[in-house]
Amino acid sequence: MLVECTVFEGFVDAGSSRPFLASTLRGERWVVKVHGNPLGDKVLFNELVVGRLAHFICLPWPEVSVLLLSDSVAASVKQEGLNLKSRVAVGTRYVPELRAVGWPQGGCGSGKEFGERNARHIRALFPNNAALRPFYGKMILDNWLLLQDTKYETLQIDSNARPLFLDASHAFSGLDWDIHQLEWSPTHVAAHSPYLQGVLTSSEGFFPWLAAVESMRDQDLE
Numbered sequence: 008m009l010v011e012c013t014v015f016e017g018f019v020d021a022g023s024s025r026p027f028l029a030s031t032l033r034g035e036r037w038v039v040k041v042h043g044n045p046l047g048d049k050v051l052f053n054e055l056v057v058g059r060l061a062h063f064i065c066l067p068w069p070e071v072s073v074l075l076l077s078d079s080v081a082a083s084v085k086q087e088g089l090n091l092k093s094r095v096a097v098g099t100r101y102v103p104e105l106r107a108v109g110w111p112q113g114g115c116g117s118g119k120e121f122g123e124r125n126a127r128h129i130r131a132l133f134p135n136n137a138a139l140r141p142f143y144g145k146m147i148l149d150n151w152l153l154l155q156d157t158k159y160e161t162l163q164i165d166s167n168a169r170p171l172f173l174d175a176s177h178a179f180s181g182l183d184w185d186i187h188q189l190e191w192s193p194t195h196v197a198a199h200s201p202y203l204q205g206v207l208t209s210s211e212g213f214f215p216w217l218a219a220v221e222s223m224r225d226q227d228l229e
């Protein structure tokens with residue numbers, strides 16, 4: 008059964024796919040991406056599949072769902088200039104009181120210097136080692152699902168001071184994949200998300216996440 012959104016609340020501030028907030032009769036709020044968004048329809052597939060797989064391995068990621076937009080929501084979206092092709096959409100559950108993690112002092116960079124600076128920044132935000140465990144899982148997810156365009160803004164802090172990860176629009180190496188030619192490159196592990204650099208210092212930290220991926224059932228993957 009599809010989740011039906013009945014109230015259009017307005018576009019969110021950021022996002023080249025023009026996501027917007029909508030709510031259900033029960034008051035559930037969703038960040039919605041639609042068929043006809045400027046980045047194309049593969050964005051919806053990427054968001055849905057990555058969100059569900061993140062859920063299966065227990066990575067902190069907002070719930071994702073297939074949504075049905077009411078006639079009034081569809082009309083509002085069209086009035087705002089979005090080319091709506093279908094009332095079926097993909098939504099990410101809105102999480103209140105999230106706050107974005109800013110770049111470390113000195114901005115972006117690369118190499119050892121940035122890794123050390125970034126590690127100090129992240130550990131100041133998450134001094135509890137338990138809060139850093141999901142960062143190992145995020146690196147597994149980045150590599151497993153070929154996440155691209157991994158910006159610092161995809162890391163958020165929830166109301167309990169725990170990390171939450173967002174945004175899979177550019178999974179599977181971006182938006183140009185072909186369902187009949189989707190291939191993984193030879194084994195290569197890299198800290199794609201910039202906030203992972205310098206933070207992941209123990210190979211053992213990856214083991215639980217690799218075990219979670221390995222334990223997934225065929226029907227889950229299908």
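In case it helps, this note's numbering puts the sequence shown at residues 8 to 229.
For each residue, glycine too, the CB sits at the ideal point set by N, CA and C.
| Query | Result |
| --- | --- |
| Check: Cys65 C-beta below 7 Å from any heavy atom of the ligand NAP | Absence of the ligand NAP from the depicted structure is noted, as is the absence of any ligand whatsoever, leaving it without description. |
| Beta-carbon spacing of Val57, Gly98 below 8 Å | no |
| Cα-Cα separation between Thr31 and Gly116, rounded to whole angstroms | 42 Å |
| For Cys12, the residue or residues it bridges with in DSSP | Leu76 |
| Cβ contact (3+ pairs, closer than 8 Å) linking the stretch 104-113 and the stretch 38-50 | no |
| Sheet register partners of Ile164 (DSSP bridge) | Arg106 and Pro170 |
| Bounding residues of the alpha helix (DSSP H) (the contiguous stretch that carries Phe142) | Asn136 to Trp151 |
| Validate contact between the stretch 168-182 and the stretch 204-224 using beta carbons, cut 8 Å, 3 pairs | no |
| Burial state of Ser79 (16 or more Cβ within 10 Å) | exposed |
| Sequence-distant residues of its chain with Cβ nearer than 7 Å to Lys145 (five each side left out) | Leu66, Phe172, Ser200 and Leu203 |
| Residue span of the alpha helix (DSSP H) that contains Gly122, given as start and end | Gly118 to Leu132 |
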